[in-house]
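Worksheet for the structure shown next.
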Amino acid sequence: MPLHLTKVAFGAQSMEEMHTWFAGRGDEALLTTRYLPKRHEEIVPSEGNPGGSLFWIYKHQLVARSPILRFTEAELGKTHIVISTALIDVHPRPKRAHQGWRYLSDEDAPVDLCAGESAGDVMPVGLAGELARLGLV
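At position 93 of the sequence shown the residue is numbered 93 (this note's numbering), and the sequence of numbers has no breaks.
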């Protein structure tokens, strides 16, 4: 089972804006991080492992994912997370915002939306938080 990462979609004003940004980037995009994840071997695709994804947090919910292709060295000792620009919408799931990235197990990852399926509008932050506090989502 692959391991995933989560990251806040900082600066995104809407889901449409996120899709537009990814659509104009070619096949791959680079995200620069200070450190190579210690568990990077569990994230990248390999024989028998489909590889993990970077799940995007928007308005305190996991809303989409980008498959992680590999990690490469960047200048000044930093690391590039190379992701596919195929932004895949998922069933929204509450997730607190955080700085940088965090690990997400495959069991806790939201399921992809099927073709033609819609998640509707993103749940209001207050409602998502209250439902999570009550253990309902």
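Even for Gly, the Cβ is constructed at its ideal location relative to N, Cα and C.
What you are looking at is a predicted structure, and each value in this text was computed from that prediction instead of being measured.
Spell out the partners DSSP gives residue i in its beta bridges.
i    : result
D89  : A64
L104 : H4
H80  : T32, T72
P94  : Q61
Whole-angstrom Cβ separation of residue i and residue j, contact assumed at under 8 Å?
i    : j    : result
P50  : P110 : Wrong, their Cβ atoms sit about 16 Å apart, outside the cutoff.
K7   : L54  : 6 Å
H40  : D106 : Not a contact, Cβ separation roughly 16 Å.
V90  : L113 : 6 Å
A142 : Y58  : No information on residue 142 is available, as it lies outside the stretch 1 to 137 that the chain covers here.
L69  : S84  : 6 Å
M18  : L104 : Not a contact, Cβ separation roughly 18 Å.
F71  : V44  : 7 Å
A97  : W56  : About 11 Å; that fails the 8 Å criterion.
Assign residue i to one of two classes, buried (16 or more other C-beta atoms within 10 Å of its C-beta) or exposed (fewer than that).
i    : result
Q61  : buried
A64  : buried
S66  : buried
G135 : exposed
R25  : exposed
G52  : buried
Checking contacts by CB at 8 Å: is residue i closer than that to chain D?
i   : result
V90 : In the structure shown, chain D cannot be found, because there is only a single protein chain.
- Take every Cβ of the region 76–89, pair it with every Cβ of the region 28–41, and state whether three or more of those distances are shorter than 8 Å. yes
- Ordered list of beta strand (DSSP E) runs contained in the region 6–75, each at least 3 residues: Taking only runs of at least 3 residues, the beta strand (DSSP E) segments lying wholly in the region 6–75 are 28–33, 53–58, 61–73.
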